[in-house]
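Notes follow once the structure below has been shown.
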Amino acid sequence: MFCTPLSDFLNQHFQQNNLSGSLKETLSAIINACVAISAKTRQGALSGVLGEAGSGNIQGENQKKLDVIANDILINALRQTPMVAGIASEEEDTFVETNEHGKYLVLFDPLDGSSNIDVNISVGTIFSVLKKPSSGSLKLDDFLQNGRNQVAAGYVLYGVQTQLVFTVGQGVFGFTLNDNNQFILTKNDFRLPESTAEFAINMSNQRHWESPMQNYIAELLAGKDGVRGKNYNMRWVASMVAEVHRILTRGGVFLYPFDYRDPNKPGKLRLMYEANPMSLLIEQAGGASSNAHQNILDIQPTGLHQRVAVVLGAKEEVARVNLLHNP
Ligand code: P6P
4 MFCTPLSDFL NQHFQQNNLS GSLKETLSAI INACVAISAK TRQGALSGVL GEAGSGNIQG
64 ENQKKLDVIA NDILINALRQ TPMVAGIASE EEDTFVETNE HGKYLVLFDP LDGSSNIDVN
124 ISVGTIFSVL KKPSSGSLKL DDFLQNGRNQ VAAGYVLYGV QTQLVFTVGQ GVFGFTLNDN
184 NQFILTKNDF RLPESTAEFA INMSNQRHWE SPMQNYIAEL LAGKDGVRGK NYNMRWVASM
244 VAEVHRILTR GGVFLYPFDY RDPNKPGKLR LMYEANPMSL LIEQAGGASS NAHQNILDIQ
304 PTGLHQRVAV VLGAKEEVAR VNLLHNP
């Protein structure tokens, strides 16, 4: 039934779309590192990788052991990939130069959703690839490109199955890891329905949202008796990779809006290595994304770790949120 290995798919897809071989090599290096991360997450307590690392990151979060392990696996792999000039990671204070003559920049959240690790709920690696814009020594500004400049974006979901989903701008494709640690093509071009009856948000923050967001969610909760005229279902996994995968697979809308708990933060999620790659995937699959005011992919970054409010998924829902916030 399914028999196309990732390597064959990449060769064919890159040739058909006249894409660079060095981008293919960069993508392969990221994916191979994720196969190693998958082996670690699967072992859990048996290999002592659960629990806290006893350190913190620039986000002010306590790192899990697997956060550090996944980050080290990716950095070590990309140091050995000549076409990668540098990386930026959620777990690193600033960028890391890897190869002086590299062409690509790789940005990643090595293990998103890590608060779920110890309770065996899906986590994932999110990655984004940019071209290094200038020759000469690497500088921070080289990374601060808007999301439309991404030449590749994707994630690996360490869940019931280990699944890879990525785009290089020519559609979104899904692969499942088999018993030989080989990714096999299992979804040929994800397409997102324009409408949905399923939303994902952390409702415990409801009292902290801006009123347009409170109004939007109230419309969904009103169901078929309300202005939207249909009943909605809700999901919240607290793992963005799992939520986005569900949305790509069966539709939906995901929201992590601005809230007043910390008015200085525009949102919880990070633009460069969470919102941008996920927004590109969703847009490539026929969905939309915004920060409730503008398309996330059009936001001009000002910092590696800047945060952003995120609304992404079914076009109809993102449009409704934008309208309520910008009457
Ligand atoms: P909360 C995980 O920590 C994460 O960055 C996303 O993967 C997830 O969607 C969100 O935060 C969960 O946040 O506040 O519900 O724990």
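First residue of the sequence shown? That's 4 in the working numbering, and the numbers climb one at a time after it. Heads up, the beta-carbon is just placed ideally off N, CA and C, and yes, glycines get one too.
Can you find the residues in the same chain that come closer than 6 Å, C-beta to C-beta, to residue i, ignoring five residues on each side of it along the sequence?
i, result
"V240", "E246"
"P196", "G254"
"N208", "D262"
"M216", "P260"
"P280", "I129, S131, A156"
"S292", "S282, I285, I299, L315"
"L9", "F178, F186"
"L188", "T7, F12, F178"
"H248", "L160"
"Q62", "none"
Which residue wins for smallest C-alpha separation from residue i, given the options the options?
i, options, result
"Y235", "N208, H248, Y219, V244", "Y219"
"L272", "T44, E213, A39, H308", "H308"
"N102", "P113, K68, R82, G57", "R82"
"L251", "G232, E286, N267", "E286"
"R194", "A56, R253, D121", "R253"
"L53", "V175, K67, S41", "K67"
"T135", "I90, P280, R210, V122", "Per the sequence shown, the amino acid found at residue 135 is Lys instead of Thr. The option with the nearest alpha carbon to K135 is I90."
"V171", "H16, P8, F5, S10", "H16"
"G47", "I33, E64, D70, A36", "D70"
"S125", "G150, T44, S140, R151", "T44"
"N60", "M86, S92, P260, A32", "S92"
"Q148", "G306, N267, S198", "G306"
"L266", "W212, L224, F257", "Note that residue 266 corresponds to Pro in the displayed sequence, not to Leu. Ranking the options by Cα distance to P266, first place goes to W212."
"P269", "D301, R231, V311, A42", "V311"
"N183", "A42, M86, L143", "A42"
"V244", "V321, Q166, D145, N65", "Q166"
"I302", "L274, L326, E319, Q153", "L274"
"D75", "V87, H104, C37", "C37"
"S214", "S50, H328, R264", "H328"
"V122", "F5, A39, G162", "G162"
"A73", "A221, I40, N35", "I40"
"I204", "G24, A221, P304", "A221"
"E95", "H104, G105, K106, L77", "L77"
"Q153", "N325, P330, L326, P304", "P304"
What is the residue span of the alpha helix (DSSP H) that residue i lies within?
i, result
"P113", "Counting along the chain, P113 falls outside any alpha helix (DSSP H), though it belongs to the beta strand (DSSP E) covering 107 to 115."
"L300", "Looking at the DSSP string, L300 is not in any alpha helix (DSSP H), and its letter there is neither H nor E."
"I72", "68 to 82"
"F17", "9 to 19"
"R253", "243 to 253"
"V38", "24 to 46"
Per DSSP, which residues does residue i bridge with? Please list them.
i, result
"R194", "R194 is not bridged to any residue."
"A291", "G316"
"E55", "K67"
"W212", "D262"
"L310", "A small correction: the amino acid at residue 310 is Arg; Leu does not occupy that position in the sequence shown. BP columns for R310 point to R273."
"F202", "M237, V256"
"V321", "None, per the DSSP bridge assignment."
"E100", "G89"
"I285", "Paired residue(s): none; I285 is not in a bridge."
"F186", "L180"
I'd like to know whether the C-beta of residue i is nearer than 8 Å to at least one C-beta of chain D.
i, result
"I124", "The structure shown contains no chain D; it holds only a single protein chain."
Leaving aside the five residues before and after residue i along the sequence, list all residues of the same chain whose C-beta is less than 7 Å from its C-beta, in chain order.
i, result
"R323", "Y219"
"G174", "D192, Q287"
"N65", "E55, G59"
"K27", "L13, F17"
"A317", "L195, P196, E197, S198, T199, G254, G255, V256, G290"
"V99", "I78, G89, I90"
From which residue to which residue does the beta strand (DSSP E) around residue i run?
i, result
"N236", "236 to 238"
"K134", "126 to 134"
"G89", "87 to 92"
"N274", "Sequence inspection shows Leu at residue 274; the Asn mentioned does not correspond to that position. Run containing L274: none; DSSP gives neither H nor E here."
"F169", "165 to 170"
"L160", "155 to 161"
"T179", "175 to 180"
Given residue i, which residues of its chain have a CB within under 8 Å of its CB, disregarding the five upstream and five downstream residues?
i, result
"S242", "D115, G116, N119, I124, S125, V126, G127"
"N233", "Looking at the sequence itself, residue 233 is Lys, so the reference to Asn does not match. The residues are A200, G226, K227."
"Y276", "A91, S92, E93, L110, F111, D112, I129, F130, S131"
"V321", "V256, G290, A291, S292, S293, V314, L315"
"A32", "A80, L81, Q83, T84, V87"
"L143", "T97, F98, L307"
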